[in-house]
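Residue numbers (the UniProt record's numbering), protein chains in the order written: chain A, 1 to 368; chain B, 1 to 368; chain C, 1 to 368; chain D, 1 to 368; chain E, 1 to 368. Backbone N, C-alpha and C fix where the C-beta goes; we use that ideal spot for every residue, glycine too.
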Amino acid sequence: MAKKKPNKNTPPKKHSKRHQKMGKAPGTVIYMGYRDGGSTSVNVLEYDENSILERTIDPDTPDGLTFIEELTASPTTTWIDVIGLSDESFVEKLGKTLGLNPLSIEDAVNTNQRAKIDEYDNYIFGVFKMLYLDAENELVAEHVALVLSKNTVVVFQELKDDVFNGLRDRITNKTGRIRSRSADYLFFALLDAIIDHYYVVLENVNLKIELLEEEVYENPKSRTAHKIQELKKEVLRIRRYVYPVKELVNKLIDSEHELISKDTKLFLRDAMDHSTEINESLQIYREMSMSLMEMYMSNISNKMNEVMKVLTIMASIFIPLTFIVGVYGMNFDNMPELKMPNGYFYVWGLMLIIFIGLLIYFKKKRWL
Amino acid sequence: MAKKKPNKNTPPKKHSKRHQKMGKAPGTVIYMGYRDGGSTSVNVLEYDENSILERTIDPDTPDGLTFIEELTASPTTTWIDVIGLSDESFVEKLGKTLGLNPLSIEDAVNTNQRAKIDEYDNYIFGVFKMLYLDAENELVAEHVALVLSKNTVVVFQELKDDVFNGLRDRITNKTGRIRSRSADYLFFALLDAIIDHYYVVLENVNLKIELLEEEVYENPKSRTAHKIQELKKEVLRIRRYVYPVKELVNKLIDSEHELISKDTKLFLRDAMDHSTEINESLQIYREMSMSLMEMYMSNISNKMNEVMKVLTIMASIFIPLTFIVGVYGMNFDNMPELKMPNGYFYVWGLMLIIFIGLLIYFKKKRWL
Amino acid sequence: MAKKKPNKNTPPKKHSKRHQKMGKAPGTVIYMGYRDGGSTSVNVLEYDENSILERTIDPDTPDGLTFIEELTASPTTTWIDVIGLSDESFVEKLGKTLGLNPLSIEDAVNTNQRAKIDEYDNYIFGVFKMLYLDAENELVAEHVALVLSKNTVVVFQELKDDVFNGLRDRITNKTGRIRSRSADYLFFALLDAIIDHYYVVLENVNLKIELLEEEVYENPKSRTAHKIQELKKEVLRIRRYVYPVKELVNKLIDSEHELISKDTKLFLRDAMDHSTEINESLQIYREMSMSLMEMYMSNISNKMNEVMKVLTIMASIFIPLTFIVGVYGMNFDNMPELKMPNGYFYVWGLMLIIFIGLLIYFKKKRWL
Amino acid sequence: MAKKKPNKNTPPKKHSKRHQKMGKAPGTVIYMGYRDGGSTSVNVLEYDENSILERTIDPDTPDGLTFIEELTASPTTTWIDVIGLSDESFVEKLGKTLGLNPLSIEDAVNTNQRAKIDEYDNYIFGVFKMLYLDAENELVAEHVALVLSKNTVVVFQELKDDVFNGLRDRITNKTGRIRSRSADYLFFALLDAIIDHYYVVLENVNLKIELLEEEVYENPKSRTAHKIQELKKEVLRIRRYVYPVKELVNKLIDSEHELISKDTKLFLRDAMDHSTEINESLQIYREMSMSLMEMYMSNISNKMNEVMKVLTIMASIFIPLTFIVGVYGMNFDNMPELKMPNGYFYVWGLMLIIFIGLLIYFKKKRWL
Amino acid sequence: MAKKKPNKNTPPKKHSKRHQKMGKAPGTVIYMGYRDGGSTSVNVLEYDENSILERTIDPDTPDGLTFIEELTASPTTTWIDVIGLSDESFVEKLGKTLGLNPLSIEDAVNTNQRAKIDEYDNYIFGVFKMLYLDAENELVAEHVALVLSKNTVVVFQELKDDVFNGLRDRITNKTGRIRSRSADYLFFALLDAIIDHYYVVLENVNLKIELLEEEVYENPKSRTAHKIQELKKEVLRIRRYVYPVKELVNKLIDSEHELISKDTKLFLRDAMDHSTEINESLQIYREMSMSLMEMYMSNISNKMNEVMKVLTIMASIFIPLTFIVGVYGMNFDNMPELKMPNGYFYVWGLMLIIFIGLLIYFKKKRWL
């Protein structure tokens, strides 16, 4: 736990990235992730209640951007999924095609960006963190940026991840009401999928707490304290990603932006319920991990007490006895007891009395 | 305490339920409880100041829904009690008959739903947790959903529970003012019955604290710390269910929804007083359980101190004496003291002086 | 401290009372105190700037209520003091005579009611806790309900207590401006008398903290920790009664109820100052009691350190010496040192050197 | 630290004062300080940009009040400095002359009054605490009440203190802009002088923290913990006096009272900056004193560890060796080793091996 | 860590500076830094989209101020950089030339001033702290004051520092959009550069935490606790400088001052995001440093436990054995065992049994 193994999901040179950006003008589009040189692909899903069209766009051809421009103008709902953000120049061109503010384009590829929602005149821009567990059950936070404009939702993400798979299926299979609703509902559905996945991560934390609780109660080791601290840090980390979401959803509900319909706000109210619940859970996990540490400390103290009792009992019983036998090991010429025929047995008797007396004393003190 | 026995009141496969829902569209009606396959029954109570009619409806016949539709339209107050939520399709049909939003129907059977109040144009929807103690004195939280529409209150709950029994009696026996008032008063009375039952649970917590306090003061054991931690978790759990209620009642009071009359708001003000009082109690219980842990730790330290004192006194007295008798156990050819006729008794005298000196020393240090 | 003696001021069967109420309709007038069967007396004080009339009313005659009704209508200020609340039916009749809402009448005899202020169209209803110290210096909280209506103030209380005695004297002796002012000033003056008495209780807490501080510094015992915890609980209890008052007074100041004149609000501002000060004091007492516990723990640790040092010094000095004398107590045939004429004295020399060496070592470590 | 010496700056009989007031009407002017029977003097400073007049008024002559009444009416700025508050009747007469509300006059001599600002139609009344260090470097808090009315500022204080000396000099020597500005600027300047002096007290706290930090790191003693607790209490005490000031200054800035000009508000903004800074410092000092206690506890634990290590090493090395020499001190007739010519030296060899082995073991454990 | 070396970046006589100011009128321009007698230089950068002019002004000639006055009037954007603040009279003259309020001029050279933003009719004045790490990796906080007036931004700073170097390059090299925008964008860009540098400091804290975490886990020493406390103090210090920035930027965004264009507010929103993120990080670092201390304490306790176990095992095994050999070292005339031919070997057998028995006992207790 003390030494971290290099993890393919952890940015290896985050610092240098941050430094690279320092001193640059705001709005400069710099990819802040650690998956440089990855390829970028664009999937487009165009649908209305009756028809659905799925297409992949080649980011290296100008036709792609033209096609996107056309889609944006059409009355059907369009979901543009940009996967892989390391190709900064393409993202910048795409952003301009969609009419995004340079600051939004910058944030779309800034994988360090905190969760946020910015309203512009013609679109709403949001950044969130998708949380999931990797193969080694470690927490991974992936950056995702969402743009809601008229009839169009654009998703910027790093990996072709499965958080939105259920949603894609619902659109394709015409399950639920999504096909009959407009882009703002799609925006909500994406947000809802992200929030829903937070529960998976929370359940994992809950499980870890239960396991640690058992470890603390049954067999606390020195490593247990480390594990509790690691858990606390994980909760802090999750809270950092998840905490702002509630306020952001609330902002959307209170927003008077024309892109968010009153109907969708009912659904957003649901999403806010979930965010509130998640924040409450995290608060509870935080208190529980602090209780775990307390419990651990009290267990250590209890163990020390037990150790001390054994020592004290052993020493208190045998030290006086050893003194007595030492007395009769002295070599004085004149020691009357030594001459007594039963002296040796009297001494044993005396020691037995002391022994039993001390046992009773410790029994009364409930140390035995 | 460390190992939890399986409890018939605890959902055994909550995780799988949650996963089942993930990726589904919001508004999909999925029963989240753990009492699958239970039967659903519907009790209807229709009353005005003069007459009262009680009926049970068979959920499997379409006549039931038609009857409910008629009742809803009539000017008398109707209390529809849906008991057992695992029959999702019936609940969905009933919800549509009552004109509920799909999101409300979803929440009616979502037993994991946090306490909430949602206002819609034609009805008010609330979810609360009924808390009570089971036969083993363990805390149980049951989901209950309330719908207030014109002249009608619908209650969705899992068990034919007794929280509302007093209220049913008051209506049947025409006690109190309930018969002469409209549906919003019934809604308040249901809420009031739920909040009133929180006090039972709080009193149980209070009792546990008093017992633990005595245990900590009188005879703290290693298990005591576990019990304190369990108590803390129980308080956290109750708080989670109960805490939102105050704000929700306040929302109802501030609400301008036409279904809540000014008169009923006076009563809601009373309910809010109770919620505030409950939240304050929980806060106090929380602080008291933290104090208990502190007290426990200080008791452990005190005990350790006592153990150490016994060891130190025993060792400090007998170790020097043992050294002295060791000296005269040496076998040197030339040890003048050994030849002295009273040497042995002089040594006893010396040891007695040392013994008394040390006793005085420890007495002065207040260790004895 | 651990076992509580039965206290004549503590409700012996509070739980049963609470249960008795459960399931009853809100507004049902049930006396929640523990002084059942006590007698009820009603004292009336009617005054204006020039005249004053004091009367006792027999609650068992209908004339009493008629008389009260007349008083309420007269333009002079009337202070009605209802002492003893266990006669529920009289209180209910009186409440109806005064035109009180059933909820207010319920709260007037609900001695568990949290501090509150409710505004109604024709009167203002407040519940507060009078705090004082009983003969054994224990904290007692008495329920008091105040009603301010036009020209009349009604006080519902359990005992003919002395908190309002100063105020009665001021009215009778025409001291201060109270005789020349209307009922809202009397209402304020009653509230002010209650708040003023909180200081007495706070001073008692302060004194306890000072005594405990001295005990912790001078001679901490195992009982000291218990006392600190009891103090903490007392502060929590006082805070519970006192904390809401500030907000309630503020509510009165902000209120636009016609019964509160602008002039009286100036005085209420003063009362709020006092409430704020009391809350701040309680906050400080809370922090100080936590510091006391910290101090206590550090003192225990220091004592343990001292104990350990004595043990370590004794053991470290005599264990090696005992080993040396053990060596020359061995019975080998061939031990050259034993034959040396001065061997015995050489060993003493060696032991002296070791003894002094260890003393110097411990001195350098500042353990001596 | 544990025993407090009587301090000439500490009220010796505060309790009795408080009790004396209890039951009195609000607005009763009772001096709450502990400097009874002190003399009262009144210094008046009248100035405009060109002229300045300084006078001392004899409080025992009616002429004084007449003179003050004339000054108040004149267009020049007047600073009336009332020093010594124990003459309640004079303060009351003066207050009436100045047109003050009885509540303000009461607060002017109520030295226990918390910091406050009350706005009246024709004047603004403020109470603050001047903090300084007495000759023994102990914190002293003096009550000061300020009244701002048209062209006049009245200061009620207990001692002819030096907090305002710099301000007096600036007026007399025509330094700064104060001579050319009106009374509200003088009011601000007095407030500013009070706040400025808080920094002196804070610096003293900072110094104490640094000294304690060194003591904790270098040579923590049992007394050190007491000192840390005393520091914490001092910070709590200062915070109590200083904390409300920020909010009060803010209230003045937001006030629409005609006595505060827009220009003076710019200066008040500066005073609020200082109050904010002071509150932040106190917060930091609070956290630092808690850290100090933590550090102290960790140091005690470290010391205990060290003590235990010495004991364990000494005991673990010599106890086995003593056992071995004990073996060969037995008196069995048949003990072959004793007959061996080099048996004694073999035993020494064995003991040396054990000794070195244990040293290596402890070295490996890093206990040496 | 305990003794601070004199640091060239730390004000050596801050106290005297503060005292010097006490009693002075507000608005008195006194340099509060510790770089007295340093020279002052003024660099001017004038630019619009097409042209750029850089000049250094000699503060000792009146021409300089005249030139600045002309620049301020011209429509091009002017960045005036005042480096070195100890020449109070020049700063005062410059301030008057720029039309600044005396309070702003005072704050421009008051290096103790907390971060603030004051809006005046014709300019906006801000004070911030630039944080960086000096050559010894210690945190340094430098005062910087910014003035935004029409077409002009003035920067008051102590050192020709590199925080703004990137910005200067962007202007000179016409990178980014800065050249085409007006003064309010320059003001934002300066603020953004300051905030960007906070990340460097935070990364350093993060690194320290990671190193300390390893030290605590691997090899905690007494010094480690000191380092953790120093870290906590550093976090407190950074928080003090950085915390107000978020609120200040928010104030600018909400401001309706005509100098801040709607366009620039979009960028300020970005700066606020960063401030929020920084505050969250500091909060997390704070919790992590508290966890570190907890971990450290639990490690000490664990170590103590281990030490005690070694002692207890050694003592518990050898003390009884030593007693046994002591028994047979007694010199009684009549001790039958001594005469037995194999007595010696029987005793060894007995001791072996005890030895093995105790080993098993400790093994079962998991102490071995």
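Could you check which residue in B:H226, B:Y243, B:H274 and B:Y217 has the C-alpha nearest to that of R223 (chain C)? B:Y217
Would you please verify whether the beta carbon of V327 (chain C) is less than 8 Å from any beta carbon of chain D? Interface annotation, V327 (chain C): in contact with chain D, CB-CB separation under 8 Å.
Proximal residues of chain E, C-beta to C-beta of E280 (chain D) below 7 Å: R240
State the beta-bridge partners of A141 (chain A) as determined by DSSP. A:L131
I'd like the list of long-range same chain contacts for R269 (chain A), defined as Cβ closer than 7 Å, with 5 residues on each side in sequence excluded. I253
With K174 (chain D) as the anchor, note down where its alpha helix (DSSP H) starts and where it stops. From DSSP, K174 (chain D) is part of no alpha helix (DSSP H); its letter is neither H nor E.
Quick check: N279 (chain E) and V235 (chain E), are their CB atoms within less than 8 Å of each other? no
Does the distance from the CB of V155 (chain A) to the CB of V140 (chain A) come in under 8 Å? Not in contact: V155 (chain A) and V140 (chain A) (Cβ atoms no closer than 8 Å).
Cβ of K309 (chain C) less than 8 Å from any chain D Cβ? yes
Please tell me whether A193 (chain B) and Y296 (chain B) are closer than 8 Å, where the distance is taken between their beta carbons. no
Just the C-alpha distance for G349 (chain A) and I353 (chain D), rounded to the nearest angstrom, thanks. Each residue's Cα considered, the two are about 38 Å apart.
Members of the stretch 150 to 171 of chain C that neighbour chain B once the beta carbon cut-off is set at 7 Å: none
To which residues of the same chain is E213 (chain C) closer than 7 Å at the C-beta, ignoring the five residues directly before and after it? L292
Do you know whose CA, among B:Y34, B:K262, B:I124 and B:T175, lies nearest L148 (chain B)'s CA? Measuring from the Cα of L148 (chain B), the nearest candidate turns out to be B:I124.
I'd like to know whether the C-beta of L352 (chain C) is nearer than 8 Å to at least one C-beta of chain D. no
Tell me whether T111 (chain A) sits in a helix, a strand or coil according to DSSP, three-state version. coil
The stretch 103 to 124 of chain E: positions lying closer than 9 Å to chain D by Cβ: From the stretch 103 to 124 of chain E, only L103, E106, D107, N112, Q113, R114, K116, D118 and Y120 have a Cβ closer than 9 Å to chain D.
If you draw a straight line from the C-alpha of I195 (chain C) to the C-alpha of D107 (chain C), how long is it? 20 Å
Return helix, strand or coil for F156 (chain D), following the three-state DSSP convention. strand
Where F355 (chain E) meets chain A, residues with beta-carbon distance less than 9 Å: Chain A residues near F355 (chain E): none, gap ~14 Å exceeds 9 Å.
Reducing DSSP to helix, strand and coil, say where K14 (chain E) ends up. Because the pLDDT at K14 (chain E) is just 46, under 50, the model does not fix this residue reliably, and the value given afterwards should be weighed accordingly. Helix at K14 (chain E).
Here's the rule: buried if 16 or more other CB atoms are within 10 angstroms of the residue's CB, otherwise exposed. What is P341 (chain A)? P341 (chain A) is exposed by the Cβ-count criterion.
Extent of the continuous alpha helix (DSSP H) to which N299 (chain C) belongs: K262 to V327
Is it buried or exposed, N173 (chain E), if we count other Cβ atoms within 10 angstroms and call 16 or more buried? Counting Cβ neighbours within 10 Å, N173 (chain E) comes out exposed, since fewer than 16 surround it.
Since V82 (chain A) sits in a beta bridge, which residues does DSSP pair it with? A:V42 and A:F156
Residue interval of the alpha helix (DSSP H) (run including K364 (chain A)): It spans G343 to K364 - the alpha helix (DSSP H) in which K364 (chain A) sits, taken as one unbroken run.
Just grab the DSSP bridge partners of S149 (chain B) for me. Answer by DSSP bridge pairing, in chain order: B:Y123 and B:T152.
Please list, in chain order, all residues of the same chain as T56 (chain E) whose beta carbon is under 6 Å from its beta carbon, the five residues on each side excluded. N43
I'd like to know whether the C-beta of A225 (chain A) is nearer than 8 Å to at least one C-beta of chain E. yes
Taking 6 Å as the limit between beta carbons, can you name the residues of its chain near N112 (chain B), skipping five residues before and five after? M32
Let me confirm a value: D25 (chain C) is counted as buried when at least 16 other C-beta atoms fall within 10 Å, else exposed. Which label applies? For clarity, residue 25 (chain C) is Ala in the given sequence; the question names Asp instead. Per the 10 Å Cβ criterion, buried.
I'd like to know whether the C-beta of Y217 (chain D) is nearer than 8 Å to at least one C-beta of chain E. yes
Beta-carbon within less than 7 Å of H35 (chain D)'s beta-carbon, same chain only, minus the 5 sequence neighbours each way: which residues are those? Position check: residue 35 (chain D) holds Arg in this sequence, whereas His was assumed. Taken in chain order, the residues that qualify are S86 and E158.
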